[in-house]
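Undergrad: Encoded as structure tokens, here's the structure I'll be asking about.
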Amino acid sequence: MAKENQLLEEITGSEYKYGFSSDIETETAPKGLNEDTVRFISAKKNEPEWMLASRLKAFRYWLTLEEPRHWAHIQYPVIDFQDIIYYAAPKRPKELKSLDEVDPELLRTFEKLGISLEEQKRLSGVQSTIAIDAVIDSVSVKTTFKETLAEKGIIFCSFSEAVQEHPELVKQYMGSVVPYTDNYYAALNAAVFSDGSFCYIPKGVRCPMELSTYFRINTSGTGQFERTLIIADEGAYVSYLEGCTAPMRDENQLHAAVVEIIAHKNGEVKYSTVQNWYPGDKQGKGGIYNFVTKRGICLGDNSKISWTQVETGSAITWKYPSVILKGNNSVGEFYSVAVTNNYQQADTGTKMTHLGKNTRSTIVSKGISAGFSNNSYRGLVRIAKGATGARNHSQCDSLLMGDKCGAHTFPYIEIKDKSAIVEHEATTSKIGEDQIFYCNQRGIPTEKAVALIVNGYCKEVLNQLPMEFAVEAQKLLTVSLEGSVG
Amino acid sequence: MSTIAEKINTGEKLLPSLEKEQDLLSGSEAIRVIRRKGVDSFSKQGLPARKSEEYKYSPVSLLFKPELALRAPIQSPVLKTRDIDSYRIPQLDAYQITLVNGFFSPELSALQLEDGMISVSSLSTIPAPLVPLFTKHFGNYASIHADPFTALNTAVFADVLFISIPEKKLLDKPIQILNIIHADSPVLISPRILIHVGKGASVQIIENYIYTGKSSQVVSNALTEIVVEEGSRALFYKIQDHCTDLNLISTTQVLQKTGSHFDTHTVTLSGKWIRNNLNIVPDGEHCETHLNGLFILNGAQHTDNHTLVDHRKPNCESNQLYRGILDDKSTGVFNGKIYVRPDAQKTNAYQSSKNMLLSDEASMNTKPQLEIYADDVKCSHGSSTGQIDEDALFYLRARGLSIDSARALLMLAFARDVVNTIRIDALRTEVERLIEKRLTK
Chain V
58 MAKENQLLEE
68 ITGSEYKYGF
78 SSDIETETAP
88 KGLNEDTVRF
98 ISAKKNEPEW
108 MLASRLKAFR
118 YWLTLEEPRH
128 WAHIQYPVID
138 FQDIIYYAAP
148 KRPKELKSLD
158 EVDPELLRTF
168 EKLGISLEEQ
178 KRLSGVQSTI
188 AIDAVIDSVS
198 VKTTFKETLA
208 EKGIIFCSFS
218 EAVQEHPELV
228 KQYMGSVVPY
238 TDNYYAALNA
248 AVFSDGSFCY
258 IPKGVRCPME
268 LSTYFRINTS
278 GTGQFERTLI
288 IADEGAYVSY
298 LEGCTAPMRD
308 ENQLHAAVVE
318 IIAHKNGEVK
328 YSTVQNWYPG
338 DKQGKGGIYN
348 FVTKRGICLG
358 DNSKISWTQV
368 ETGSAITWKY
378 PSVILKGNNS
388 VGEFYSVAVT
398 NNYQQADTGT
408 KMTHLGKNTR
418 STIVSKGISA
428 GFSNNSYRGL
438 VRIAKGATGA
448 RNHSQCDSLL
458 MGDKCGAHTF
468 PYIEIKDKSA
478 IVEHEATTSK
488 IGEDQIFYCN
498 QRGIPTEKAV
508 ALIVNGYCKE
518 VLNQLPMEFA
528 VEAQKLLTVS
538 LEGSVG
Chain A
2 MSTIAEKINT
12 GEKLLPSLEK
22 EQDLLSGSEA
32 IRVIRRKGVD
42 SFSKQGLPAR
52 KSEEYKYSPV
62 SLLFKPELAL
72 RAPIQSPVLK
82 TRDIDSYRIP
92 QLDAYQITLV
102 NGFFSPELSA
112 LQLEDGMISV
122 SSLSTIPAPL
132 VPLFTKHFGN
142 YASIHADPFT
152 ALNTAVFADV
162 LFISIPEKKL
172 LDKPIQILNI
182 IHADSPVLIS
192 PRILIHVGKG
202 ASVQIIENYI
212 YTGKSSQVVS
222 NALTEIVVEE
232 GSRALFYKIQ
242 DHCTDLNLIS
252 TTQVLQKTGS
262 HFDTHTVTLS
272 GKWIRNNLNI
282 VPDGEHCETH
292 LNGLFILNGA
302 QHTDNHTLVD
312 HRKPNCESNQ
322 LYRGILDDKS
332 TGVFNGKIYV
342 RPDAQKTNAY
352 QSSKNMLLSD
362 EASMNTKPQL
372 EIYADDVKCS
382 HGSSTGQIDE
392 DALFYLRARG
402 LSIDSARALL
412 MLAFARDVVN
422 TIRIDALRTE
432 VERLIEKRLT
442 K
């Protein structure tokens, strides 16, 4: 036991590995939030009048709302929304023709993160695998593979570009899944969102590569409010990856993103996230507040939306990627691994709303808590009247490491149709001493044994990730786990 | 008779009636102080608002009509022994206790107690030697701040049924409490019970809820506190039949001491709107707790089972088993909470909730909830909602059963998960009979 404790202390000491801050000149809005800030952002982005109007409408609505503080199983100090910089854009030349024009500091940042654009570029000549829309501090810096995609009619660009070039699509779909009236942070986002990714897959097109966005929060005291909109038209397919790392900061940083997904008839969207923002130090100081609204709608028949997330970072994670199953025979999936360590708090889960006939949903949630952290699964499965033949299976397992952490499950199941079959299972336990012993006996040290067992425990979810991401996710998991052998 | 004002949510408008009631109710100074605290707490909380998390699926606004009076007329003389005989369980040999509108009625009870058996008394007849025991425990476990209905009951309870089982007493036969509500006009009745099970004692208690009135706007807000002392064993059966048209909030608060065993069943077969709050605190090591529940609903019935097991000490075990069958326009709720406090290592807590929907109009809301702050625990819950298995139905029909009897048989089997755990033979037979009657129509 003493040895275990020693190991525990040793490893809990592991610092945030992506903790560095790069010196890129940024252009920032003045601190604080008022109509002028909203106008400033809109003007900076050279937005059309309708966009500004929509921002202002959201902002005025936001003013009438009260910050939600009570229902989630998380605690944090009051956020001063006037003490946040709402816009920070890296200064850069107007258009980037090649990678040479990219700020070398920026490239170095990417290198540290292990997603070198050069590498991507070089590889692209031989075999194209991932298209990256890199987002640093809210503004999309570089979109690669755009031409390759354009040939297929796929639009993959930054949100602000989409506002300029495809206003009809933005007008039609923005806010159709997450309206600005949805919740406090969705309203805030609709008012001050800085940038994000936009993706449209036309009818019958199967996107040939994984689309990927890298988010990173860089300037101190800036909130990141990006907005992502993904549309899969009839029969289209896309796999979209989102990965996040942020440098070490002392102040808490607010992140309130909105992601909307629309899947038309026979369309399919697979959305994968690996989130590793700065979780704060061992004392729970600093770290990102991650208050995200993610929702998809299966509009047409036989459509499918699948969320996969690996959450290891952020001081507070508060997000519920949801699916509204409107089309008949549509499918919603949610696979999640959430790891909390030290003083991290996570309240995450999903909402599956079954409206169409023969709709199916699967929820697999794996929570791992260590240190002094609290990890909650909060989910809703709602079967509406008339959703004949709906089927849901949910499974949420929690793993506890150490006796100071907490694991909680808050599943809501609402059934209004007799033909529905809904199952929910949840377990909470710690890693079996017999399992550790079994590994030790075969010469595997405790720490590695824990990593092994946890990887096995999360396998169901990790298997859902695209190859490119699975490796990174496993690495992240091991890094986060290093601090949690109990 | 005071009435509850329309805007009850604020609690303010209700306050004058609660105040006025204080002078009319009898009791010692200590009891008045307790009631006063209830009034204060309720006036702060008001009734649960529509958005209240705890009452999310059971909005109470419909229950509290302006014409609702706070208190029923004192003990109605209408009831005779023969009136209530039909509610007794056949073949059940038990100590009979009858409450009418919350008042203990010795005339309608059949106790024949010998010395040193058990003590059954009302607020005004507590034997002197037991007064300290009553004072020590009464009102100490059901927190008036945790639930507005606990506060409301505490504010206006008129009488208390106090049952004390002495140390090491192994009771030879069960105690049956007939909790009769008899009112023809809309009233709020607040029955209150305190049961103390002494160290090493063993007892079986059956509580039957019976409604004999005609109004469909009567609200009974019952509160029962049970203290299960060290090494003792208590089986508590709550049977909600003969409750058609009754609105019932029934809160049971249990405190378990070291090494005790508590086993409870909540069977709901009738009632207009029922909310069962079952809060159990195993506050000692090596406690064993079993919570079983069965509800079979039809018409526009609403039943909400809220359970809370708050594990505070290590090495305890709890087990929850709930089954529900819902037909017509009925609505059911199951919200089971398991709480494991930081020091409650080696806790084993299980929960299983299964429900069957028979009609498209019926709905079921489930919220099985785990909050765990200790790592060396084994906790799990499983919940499912579905319909009768078509394959099983086909199997039975292929063997010549009619569709109705095949369905009834499958539902009976489903309900038996719970019924089979009833340990009093006469009661089990009776519950089986009632269920069979209900399911075969």
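Line order of the protein sequences matches chains V and A.
Residues in the first sequence are numbered consecutively from 58, following my numbering.
Residues in the second sequence are numbered consecutively from 2, following my numbering.
Virtual Cβ for every residue (Gly too), placed ideally from N, Cα, C.
Is there at least one Cβ from chain A nearer than 8 Å to S430 of chain V's Cβ?
TA: no
Undergrad: Which same chain residues, not among the five before or five after I32 of chain A, have their C-beta less than 8 Å away from its C-beta?
TA: Its chain contains L124 as the residues whose beta carbon lies nearer than 8 Å to that of I32 of chain A, once the 5 sequence neighbours on both sides are disregarded; these appear in chain order.
Undergrad: By Cβ distance below 6 Å, which residues in the same chain neighbour Q370 of chain A in space, the five residues on each side in sequence not counted?
TA: K338
Undergrad: Opposite T99 of chain A in the DSSP bridges: which residues?
TA: According to DSSP, which records beta bridges pairwise, T99 of chain A is partnered with A:L179.
Undergrad: For A372 of chain V versus H321 of chain V, is the C-beta distance shorter than 8 Å?
TA: no
Undergrad: Do P523 of chain V and S360 of chain V have their CB atoms nearer than 8 Å?
TA: no
Undergrad: Scan the segment 269-309 of chain A and note each continuous alpha helix (DSSP H) run of 4 residues or more that stays entirely inside, going in chain order.
TA: none
Undergrad: Which of the residues in the segment 454-473 of chain V, read from start to end, lie with their CB under 8 Å from any CB of chain A?
TA: S455, L457, M458, G459, D460, K461, C462, G463, A464, H465, T466, F467, P468, Y469, I470, E471, I472 and K473
Undergrad: Count the C-beta pairs between the segment 455-472 of chain V and the segment 428-444 of chain V that are closer than 8 Å, then say yes if the count reaches three, no if not.
TA: Touching, yes.
Undergrad: State the Cα-Cα distance for the pair L90 of chain V and T503 of chain V, rounded to the nearest angstrom.
TA: The alpha-carbon atoms of L90 of chain V and T503 of chain V are separated by roughly 50 Å.
Undergrad: Using 10 angstroms around the beta-carbon of G261 of chain V, count the other beta-carbons present and answer buried if the total reaches 16, otherwise exposed.
TA: exposed
Undergrad: Report yes if the C-beta distance between P187 of chain A and G47 of chain A is below 8 Å; otherwise report no.
TA: Contact flag unset, no.
Undergrad: Out of A:V419, A:K368 and A:I326, which one is the CA nearest neighbour of A409 of chain A?
TA: A:I326
Undergrad: Which partner residues of K423 of chain V appear in the DSSP bridge assignment?
TA: Partner(s): V:V394 and V:D454.
Undergrad: Where does A506 of chain V sit, in a helix, a strand or coil, going by DSSP?
TA: helix
Undergrad: In the DSSP assignment, find the unbroken beta strand (DSSP E) run with T253 of chain A in it and report its ends.
TA: It spans N248 to Q257 - the beta strand (DSSP E) in which T253 of chain A sits, taken as one unbroken run.
Undergrad: Just the Cα atoms here: how many angstroms apart are Q249 of chain V and T245 of chain A?
TA: The amino acid at residue 249 of chain V is misidentified as Gln; the sequence shows Val. One C-alpha to the other measures close to 56 Å.
Undergrad: Only counting the same chain, and skipping five residues up and downstream in sequence, which positions put a Cβ closer than 6 Å to that of T265 of chain A?
TA: F237 and L292
Undergrad: When you compare the CB of W128 of chain V with every CB in chain A, is at least one pair closer than 8 Å?
TA: It does: the Cβ of W128 of chain V has a partner Cβ on chain A nearer than 8 Å.
Undergrad: Taking K473 of chain V as the reference, which of V:C214, V:L519, V:L412 and V:Q401 has the closest Cα?
TA: V:L412
Undergrad: For K414 of chain V, return the contacting residues in chain C, with the cut-off set at a CB-CB distance below 7 Å.
TA: Reference to chain C is not applicable here, since the protein chains of this structure are V and A.
Undergrad: Thinking C-beta only, is T304 of chain A closer than 8 Å to Q321 of chain A?
TA: no
Undergrad: So that I know if they touch, is there some Cβ in chain A lying closer than 8 Å to that of T397 of chain V?
TA: no
Undergrad: Is Y133 of chain V helix, strand or coil when you go by DSSP?
TA: coil
Undergrad: Does the beta carbon of I478 of chain V come closer than 8 Å to any beta carbon on chain A?
TA: yes
Undergrad: Beta-carbon of L440 of chain A versus every beta-carbon of chain V: anything under 8 Å?
TA: Contacts with chain V at 8 Å (Cβ-Cβ) do not include L440 of chain A.
Undergrad: Considering only residues of the same chain and omitting the five flanking positions on each side of T445 of chain V, which have a CB-CB separation below 6 Å?
TA: Only K414 and S476 meet the Cβ criterion.
Undergrad: Would a check of beta-carbon distances place E504 of chain V closer than 8 Å to chain A?
TA: no
Undergrad: Could you name the residues of the same chain whose beta carbon sits closer than 8 Å to that of V419 of chain A, not counting the 5 residues immediately before and after it, in chain order?
TA: Sequence-distant Cβ neighbours of V419 of chain A in its own chain, meaning closer than 8 Å and more than five residues away, are H266, V268, N293, G294, L295, L322, Y323 and R324.
Undergrad: For Y242 of chain V, I'd like the list of residues in its chain whose CB is within less than 7 Å of its CB, leaving aside the five on either flank, ordered along the chain.
TA: A313, F348 and T350
Undergrad: Whole-angstrom Cβ separation of P175 of chain A and I207 of chain A, contact assumed at under 8 Å?
TA: 6 Å
Undergrad: Alpha carbon to alpha carbon, how far is G103 of chain A from N180 of chain A?
TA: 7 Å
Undergrad: Using a beta-carbon distance below 8 Å, is A314 of chain V in contact with chain A?
TA: no
Undergrad: For T330 of chain V, count neighbouring Cβ atoms within 10 angstroms of its own Cβ and tell me buried if that reaches 16, exposed if not.
TA: buried
Undergrad: Could you give the DSSP three-state label for N520 of chain V: helix, strand or coil?
TA: coil
Undergrad: What three-state label does DSSP hand E299 of chain V in the structure shown?
TA: strand
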